[in-house]
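Asker:
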Amino acid sequence: MKDFSDLVTDLIEATRNHEQYRDQECINMIASEGLKSPAVAEMLNLSHDLASRYAEGENDLQGHVKKRYYQGQKYMSQIEDTATDIIKSLFRCSWADVRLVSGTHANLATFKGLSLASKNNKMVVTPLSCGAHISHDYTGLAGNVLGLDNINHVYNIDEFNIDPEKSAYVIRAAKPGIVTFGGSLFLFPHPIKELKEVCDEVGAYVAYDASHVLGLIAGGEFQDPLREGADFITSSTHKTFPGPQGGVIMGSPTTPALEKAVKKIQFAVFPLSASSTHLGRLPALGVAALEMKLFGAELARQIVKNAQTAGQYLCENGVKVLAEKKGFTRSHQIAVDIRSFGGGKKIAKDLEDANIILNKNLLPYDDQSDKDDPSGLRIGFQDITRRGLREGDIKHLCDLMLDVIKGKRKLAEVKEDVLALKKEFCGVKYGFQNVEEALNYIKH
Ligand SMILES: Cc1ncc(COP(=O)(O)O)c(C=O)c1O
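Numbering of the sequence shown is given in my numbering, commencing with residue 1 and proceeding in unit increments.
(1) Below 7 Å, is the gap between the Cβ of His190 and the nearest heavy atom of ligand 1?
(2) According to DSSP, is Ser129 part of a helix, a strand, or is it coil?
(3) CB-CB under 7 Å to His64, same chain, minus the five flanking residues each way: which ones, in chain order?
(4) Please report how far the alpha carbon of Asn156 lies from the alpha carbon of Arg92, in whole angstroms.
(5) How many angstroms separate the CA atom of Gly391 from the CA atom of Lys305?
(6) Between the alpha carbons of Pro225 and Leu116, how many angstroms are there, rounded?
(7) Sort out for me which residues DSSP pairs Asp366 with in a bridge.
(8) Along the chain, where does the alpha helix (DSSP H) containing Asn306 start, and where does it finish?
(9) Cβ of Ala174 less than 8 Å from any chain D Cβ?
(10) Less than 7 Å between the CB of Thr254 and some heavy atom of ligand 1, yes or no?
(11) Can you round the beta-carbon distance between Gly380 and His332 to whole angstroms, since I take them to be within the 8 Å contact cut?
(12) What do you reckon, is the C-beta of Thr139 under 7 Å from a heavy atom of ligand 1?
(13) If you reduce the DSSP assignment to three classes, tell me which class Tyr155 lands in.
(14) Could you tell me whether any non-hydrogen atom of ligand 1 is closer than 7 Å to the CB of His212?
(15) Could you give the distance in angstroms between the alpha-carbon of Gly431 and the alpha-carbon of Leu44?
(16) Alpha carbons only, please: which of Ile384, Pro244, Glu165, Phe222 is nearest the one belonging to Ile357?
(17) Going by DSSP in three states, Met1 sits in which element: helix, strand or coil?
(18) Just how far apart, CA to CA, sit Phe188 and Asn161?
(19) Where does Gln333 fall in DSSP's three states?
(20) Pick out whichever of Gly113, Asp137, Cys130 has its Cα sitting closest to the Cα of Arg378.
(21) Taking all protein chains shown into account, do 16 or more other C-beta atoms lie within 10 angstroms of the C-beta of Val8, making it buried, or fewer, making it exposed?
(22) Quick one: is the Cβ of Asp97 within less than 7 Å of any heavy atom of ligand 1?
(23) For Lys66, which residues from the same chain have a beta carbon less than 8 Å from its beta carbon, with the 5 sequence-adjacent residues on both sides left out?
(24) Taking the alpha carbon of Ile405 as the point to measure from, which residue in Lys320, Tyr365, Pro271, Asp372 has its own alpha carbon closest?
(25) Among Leu290, Ala14, Ala297, Asp337, which one has its Cα closest to the Cα of Gly311?
(26) Given the structure, does Ser331 come close to ligand 1, in the sense that its CB is under 7 Å from one of the ligand's heavy atoms?
(27) Could you tell me which residues DSSP pairs with Val179 in its beta bridges?
(28) Ile233: buried (16+ other C-beta within 10 angstroms of its C-beta) or exposed?
(29) Look at Ala142 and Gly182 and say whether their C-beta atoms are less than 8 Å apart.
(30) On the DSSP bridge list, what partners appear for Val319?
(31) Can we count Gly103 as close to ligand 1, meaning its CB is less than 7 Å from some heavy atom?
(32) Buried or exposed: Arg281, going by 16 or more other Cβ atoms within 10 Å of its Cβ?
(33) In the DSSP output, which residue or residues are listed as bridge partners for Thr237?
(34) Over what stretch of residues does the alpha helix (DSSP H) that includes Met76 continue unbroken?
(35) Any heavy atom of ligand 1 closer than 7 Å to the Cβ of Asp209?
(36) What distance in whole Å lies between the Cβ atoms of Val269 and Ala109, which are believed to be in contact at a cut-off of 8 Å?
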């Protein structure tokens, strides 16, 4: 192994190289990532002491701090309460918990809390191959950590969505404690409205994992889970919602059953699964929420438009884009079947060599064992939309992708064009350039 100081030097250099490479030189199209504004990044830097502190405690049914175990908390409690109120206001709910350090953590606390509240270990989820996140699945957090029994929604491959009629049979027969919606390959709104009644009938709580689409929801696109029947939203705060890395849970506990659920979820946050809740991210979360309140509708609309434009353009140019008859997508992502051009593994790598970063992805009809070389690519448009690309620019980018996919030009040549495109779009739109600008905007 290397000398200790060489290791530290390597670490610092690799970090600098990474920042230059992914932030300055790549077109980033991984659908699960987000792009923070300079104001959000500055707020993170300004929260330096806060990021070193602990705030173990208990919260009330508004999500406000009720009890703390350490001293020195007066501003920290104010920060947590205020961040909670900002999130409640933006998403129009009466309770939120911002103590989660990630989307997976939000799922952990919610699934655990709801299984305790319902005294029922069964959870209906989307199959992993049809877009669920590993944390929903019996092979991941839900099964292997929490010991939940998974029963799958019935998925309609032609519609790229949960089949509401057939899933209603599954829910009636299984009588689960939790029915979960949302996912990672997530093109169309899930049928919460259609299944709410049967969930109520069997006494199941409805959870919706909005990790991928939280920014679209904030902007009034895609779907409005809390108004459609979800009891709780769980989410990351750093994908289409362009905040710092973290997690959140939201709901409106208007009945005794929902109040009981909130209490159990809070118990599952602390003491069951968190000690430090990484408070240093909360001020930046609030700034990101302000940006979404002001610019979120325009941003979300453009993200979806860009994704649909790419779907149409790639399709017209001979690439099989999923869900053509449904307009390709209503979210920030599209899925393409790239098998006839060499498969997901090869094409994702070729695109990486041209500095276009995305991921290979299993498609709903793929064999689960094809994970290493699936048919598909998943392509996300939230990052490049925030950089300012619009429909014309998206078509230009698709032309570069087509050059790679079809092997029409040398990868090094395409990379030069990608670098030029990135130079043109290196700023961040739909947000503030610094914290002062955000404060001035609010004041005037
Ligand atoms: C649907 C869904 N839920 C949860 C997560 C996990 O989020 P985190 O990385 O914040 O733990 C992901 C990650 O991409 C996701 O796609």
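All residues carry an ideal CB built from backbone N, CA and C; glycine is no exception. The structure presented is a predicted model; accordingly, all values stated were derived computationally and were not measured.
Answerer: Taking the definition as stated:
(1) For the purposes of this step, residue 190 is identified with residue 190 of the sequence shown, where counting begins at 1. Checking the Cβ of His190 against ligand 1 gives no.
(2) On the sequence shown, position 129 is the one that residue 129 refers to. Three-state result, Ser129: helix.
(3) For the purposes of this step, residue 64 is taken as the residue at position 64 of the sequence shown. Within the same chain, His64 has close Cβ partners Asp81, Thr84.
(4) Position 156 of the sequence shown, counted from the start, is the residue given in the question as residue 156. Position 92 of the sequence shown, counted from the start, is the residue given in the question as residue 92. Cα-Cα distance, rounded: 32 Å.
(5) The residue you call residue 391 lines up with position 391 of the sequence shown. The residue you call residue 305 lines up with position 305 of the sequence shown. Position check: residue 391 holds Glu in this sequence, whereas Gly was assumed. Taking the Cα positions, Glu391 is about 7 Å away from Lys305.
(6) Residue numbering aside, residue 225 sits at position 225 when the sequence shown is read from its first letter. Residue numbering aside, residue 116 sits at position 116 when the sequence shown is read from its first letter. Roughly 23 Å between the two C-alpha positions.
(7) What you label residue 366 is simply residue 366 of the sequence shown in a count that begins at 1. BP columns for Asp366 are empty, so no partner.
(8) Numbered from its first residue, the sequence shown carries residue 306 at position 306. The continuous alpha helix (DSSP H) containing Asn306 extends over residues 282-316.
(9) Here there is only one protein chain, and chain D is not present.
(10) As a first step, residue 254 must be located in the sequence shown, where it is residue number 254. Not under cutoff, so the answer is no.
(11) Locating residue 380 in the sequence shown gives position 380, where the first residue counts as 1. Locating residue 332 in the sequence shown gives position 332, where the first residue counts as 1. Going by Cβ atoms, the distance from Gly380 to His332 rounds to 6 Å, so yes, they are a contact pair.
(12) Within the sequence shown, residue 139 is the residue found at index 139, counting from 1. If you check the C-beta of Thr139 against ligand 1, you find no heavy atom less than 7 Å away.
(13) Here residue 155 refers to the residue found at position 155 of the sequence shown. Residue state, collapsed to three classes: strand.
(14) By one-based count along the sequence shown, residue 212 stands at place 212. Taking 7 Å as the cut-off, one finds at least one heavy atom of ligand 1 near enough to the beta carbon of His212.
(15) The sequence position of residue 431 within the sequence shown is 431, counting from 1. The sequence position of residue 44 within the sequence shown is 44, counting from 1. Gly431 and Leu44: Cα-Cα distance of roughly 15 Å.
(16) For the purposes of this step, residue 357 is taken as residue 357 along the sequence shown, with counting starting at 1. For the residues Ile384, Pro244, Glu165, Phe222, the minimum Cα distance to Ile357 belongs to Ile384.
(17) In the sequence shown, residue 1 corresponds to position 1, counting from 1. The answer is coil: DSSP assigns Met1 none of H, G, I, E or B.
(18) Translated into the one-based positions of the sequence shown, residue 188 becomes position 188. Translated into the one-based positions of the sequence shown, residue 161 becomes position 161. Phe188 and Asn161 have their C-alpha atoms some 7 Å from each other.
(19) For the purposes of this step, residue 333 is taken as residue 333 along the sequence shown, with counting starting at 1. Looking at Gln333 - three-state DSSP - the assignment turns out to be strand.
(20) In the sequence shown, residue 378 corresponds to position 378, counting from 1. From the listed residues Gly113, Asp137, Cys130, the smallest Cα separation to Arg378 is found for Cys130.
(21) Taking the first residue of the sequence shown as 1, we reach residue 8 at position 8. For Val8, the number of other beta carbons within 10 angstroms of its own is below 16, and it is reported as exposed.
(22) Residue numbering aside, residue 97 sits at position 97 when the sequence shown is read from its first letter. No, the Cβ of Asp97 stays beyond 7 Å of every heavy atom of ligand 1.
(23) Along the sequence shown, one-based indexing puts residue 66 at 66. Excluding positions up to five away in sequence, the list reads Gly57, Glu58, Asn59, Asp60.
(24) Here residue 405 is taken as the residue at index 405 of the sequence shown, counted from 1. Distance check between Ile405 and each of Lys320, Tyr365, Pro271, Asp372 places Lys320 closest, using alpha-carbon atoms only.
(25) Within the sequence shown, numbered from 1, the residue matching residue 311 stands at position 311. Of the candidates Leu290, Ala14, Ala297, Asp337, the one whose C-alpha sits nearest the C-alpha of Gly311 is Asp337.
(26) For the purposes of this step, residue 331 is identified with residue 331 of the sequence shown, where counting begins at 1. For ligand 1, not one heavy atom lies less than 7 Å from the Cβ of Ser331.
(27) In the sequence shown, counting from the first residue as 1, residue 179 sits at position 179. When DSSP reads this structure, Val179 sits in a beta bridge with Val124, Val206.
(28) Position 233 of the sequence shown, counted from the first residue, corresponds to residue 233. Per the 10 Å Cβ criterion, buried.
(29) Indexing the sequence shown from 1 puts residue 142 at position 142. Indexing the sequence shown from 1 puts residue 182 at position 182. At least 8 Å separates the beta-carbon of Ala142 from that of Gly182.
(30) Counting from 1 along the sequence shown, the entry for residue 319 is found at position 319. When DSSP reads this structure, Val319 sits in no beta bridge, so it has no partner.
(31) For the purposes of this step, residue 103 is taken as residue 103 along the sequence shown, with counting starting at 1. Answer for Gly103: yes, Cβ within range of ligand 1.
(32) As a first step, residue 281 is located in the sequence shown; it is residue number 281 there, counting from the start. Counting Cβ neighbours within 10 Å, Arg281 comes out buried, since at least 16 surround it.
(33) Residue 237 sits at position 237 when you count from the first residue of the sequence shown. Per DSSP, none; premise fails for Thr237.
(34) Here residue 76 is taken as the residue at index 76 of the sequence shown, counted from 1. Met76 -> alpha helix (DSSP H) spans 74-91.
(35) Translated into the one-based positions of the sequence shown, residue 209 becomes position 209. Within the cutoff, so yes.
(36) Sequence index remark: in the sequence shown, residue 109 carries index 109 (1-based). Sequence index remark: in the sequence shown, residue 269 carries index 269 (1-based). Right, the Cβ-Cβ distance comes to about 5 Å (below 8 Å), so this counts as a contact.
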